[in-house]
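Participant:
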Amino acid sequence: MANSFTNPLKRPLPDGVIPEDEITRTENRWVAIMLGMLGVMMAVIVVTGSTHSLHPPSNVETIDPTTLHLSGEFAESNLGTATEPDGSVTVRLVAEQYAFVPDCSRVPVDTAVKFRITSADVVHGFLLPATNVNTMVVPGFISEVRTSFSRPGVYRMPCDEFCGSGHHGMWAKVTVVPKEQFTQLASNERTSCAK
Ligand code: CUA
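When you number the sequence shown by our numbering, it's gap-free, plus one each residue, and the end is 273.
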């Protein structure tokens with residue numbers, strides 16, 4: 079439409095000049111193709127987001143990062159996997175330079191799992207590959223992510239926010255075990271991968 083060449087006299091056009099209605103038709107076709115692509119991309123985002131439970135972390139809870147170890151939810155004795163009355167489990171972790179505490183936790187398969195994580199120092203990232211679990215861990219805030227594992231196995235969790243010279247070595251894991259096996263574990267076995 080930028081080239082608004084008009085042909086009021088309806089005379090044959092000189093060579094190389096394209097009639098306006100043909101230009102309009104071509105431009106309309108491209109507008110339709112672009113809108114179609116935009117629609118497809120939006121649909122892909124909405125469908126994958128809802129079927130894979132992908133969503134931006136929305137939990138806003140604050141906590142004092144300087145007193146985590148002294149008392150409260152993230153005191154050492156509360157870390158690791160805890161069973162809730164409804165059968166789900168909650169995993170509490172502290173991310174710090176350069177480790178997740180505990181560095182390995184066990185959870186049962188096919189069970190609602192809620193991770194609650196906070197940082198004792200700088201921003202870290204918590205990611206479980208091939209799951210919907212991916213959140214930043216920001217000091218002063220509690221990150222909460224819900225998921226459920228459909229297969230037993232070991233999920234390695236890298237820190238995926240650069241947090242200093244030891245960032246590349248900041249790994250931990252989540253071991254997903256069969257339900258029967260999980261109920262037989264002692265509480266210290268749920269927070270460590272030692273036999
Ligand atoms: Cu912690 Cu990177």
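Beta carbons are placed, not taken as given, at the ideal position from N, Cα and C, and that holds for glycine.
Everything numeric in this text was worked out from a predicted model, so none of it was measured.
Between which two residues does the alpha helix (DSSP H) carrying Gly127 extend?
Facilitator: Taking the first residue of the sequence shown as position 1, residue 127 is located at position 49. 98 to 129 is the span of the alpha helix (DSSP H), which, as asked, contains Gly127.
Participant: Quick one: which unbroken beta strand (DSSP E) runs of 3-plus residues sit fully inside the segment 218 to 257? Chain order, please.
Facilitator: Qualifying beta strand (DSSP E) stretches, in chain order: 221 to 225, 231 to 236, 249 to 255.
Participant: Given Phe193, which residues of its chain have a CB within under 6 Å of its CB, disregarding the five upstream and five downstream residues?
Facilitator: Working through the sequence shown from its first residue, we reach residue 193 at position 115. These residues qualify, in order along the chain: Val169, Val223.
Participant: Would you mind sorting Ala250 into buried or exposed? The rule is 16 or more other CB atoms within 10 Å of its CB.
Facilitator: Here the question's residue 250 lines up with position 172 in the sequence shown. By the 10 Å Cβ count, Ala250 comes out buried.
Participant: Report back the beta-carbon spacing between Thr144 and Val185 to the nearest angstrom; my notes put them in contact at under 8 Å.
Facilitator: For the purposes of this step, residue 144 is identified with residue 66 of the sequence shown, where counting begins at 1. For the purposes of this step, residue 185 is identified with residue 107 of the sequence shown, where counting begins at 1. That belief does not hold up - the Cβ atoms of Thr144 and Val185 are roughly 29 Å apart, past 8 Å.
Participant: Suppose you measure from the CA of Tyr233 to the CA of Val138; what does that come to, to the nearest Å?
Facilitator: Within the sequence shown, the letter at position 155 stands for residue 233. Within the sequence shown, the letter at position 60 stands for residue 138. Spanning the two alpha carbons is a distance of roughly 26 Å.
Participant: Going by beta carbon distance, what residues of the same chain come within less than 7 Å of Asn156, once the five residues before and after it are set aside?
Facilitator: What you label residue 156 is simply residue 78 of the sequence shown in a count that begins at 1. Result list for Asn156: Arg170, in chain order.
Participant: Tell me whether Phe240 counts as near ligand 3, meaning its Cβ is closer than 7 Å to at least one heavy atom of that ligand.
Facilitator: This structure simply doesn't include ligand 3; it includes ligand 1 instead.
Participant: Using a 10 Å radius around the Cβ and a threshold of 16 neighbouring Cβ atoms, would you call Ala208 buried or exposed?
Facilitator: Counting from 1 along the sequence shown, the entry for residue 208 is found at position 130. Label assigned to Ala208: exposed.
Participant: Within the continuous beta strand (DSSP E) that includes Leu205, where are the two ends?
Facilitator: Translated into positions along the sequence shown, residue 205 becomes position 127. Run containing Leu205: 202 to 205, per the beta strand (DSSP E) assignment.
Participant: Do Pro217 and Asp199 have their C-beta atoms within less than 8 Å of each other?
Facilitator: The count along the sequence shown starts at 1 and reaches residue 217 at position 139. The count along the sequence shown starts at 1 and reaches residue 199 at position 121. Going by C-beta atoms, Pro217 is nearer than 8 Å to Asp199.
Participant: Less than 8 Å between C-beta atoms, sequence neighbours within five positions excluded: which residues of the same chain meet that for Ala80?
Facilitator: Counting from 1 along the sequence shown, the entry for residue 80 is found at position 2. The pLDDT assigned to Ala80 is 48, lower than 50, so where the model puts this residue is not dependable; a value taken from the coordinates is nonetheless given after this. Result list for Ala80: empty, nothing under 8 Å.
Participant: Starting from Phe193, trace the beta strand (DSSP E) in both directions and tell me its first and last residue.
Facilitator: One-based indexing of the sequence shown puts residue 193 at position 115. Phe193 -> beta strand (DSSP E) spans 191 to 197.
Participant: Report the rounded CA-to-CA distance for Glu154 versus Glu174, giving the unit in angstroms.
Facilitator: Here residue 154 refers to the residue found at position 76 when the sequence shown is read from its first residue. Here residue 174 refers to the residue found at position 96 when the sequence shown is read from its first residue. The straight-line gap from Cα to Cα measures roughly 13 Å.
Participant: Flag Met248 as yes when its Cβ comes closer than 7 Å to any non-hydrogen atom of ligand 1, and as no otherwise.
Facilitator: Walking along the sequence shown from the start, residue 248 turns up at place 170. Yes, Cβ of Met248 sits closer than 7 Å to a heavy atom of ligand 1.
Participant: Can you give me the start and stop residues for the beta strand (DSSP E) that Val169 sits inside?
Facilitator: For this step, residue 169 is matched to residue 91 along the sequence shown. Its beta strand (DSSP E) spans residues 167 to 174.
Participant: Report the option in Pro163, Thr196, Phe204, Thr253 whose CA atom is closest to the CA atom of Leu146.
Facilitator: Locating residue 146 in the sequence shown gives position 68, counting from the first residue. Of the candidates Pro163, Thr196, Phe204, Thr253, the one whose C-alpha sits nearest the C-alpha of Leu146 is Thr196.
Participant: State the DSSP-derived secondary structure class of Ser155, mapped to helix, strand or coil.
Facilitator: Taking the sequence shown and counting its residues from 1, the one referred to as residue 155 is at position 77. Helix at Ser155.
Participant: Beta carbon of Ala173: closer than 7 Å to some heavy atom of ligand 1?
Facilitator: The residue you call residue 173 lines up with position 95 of the sequence shown. Yes.
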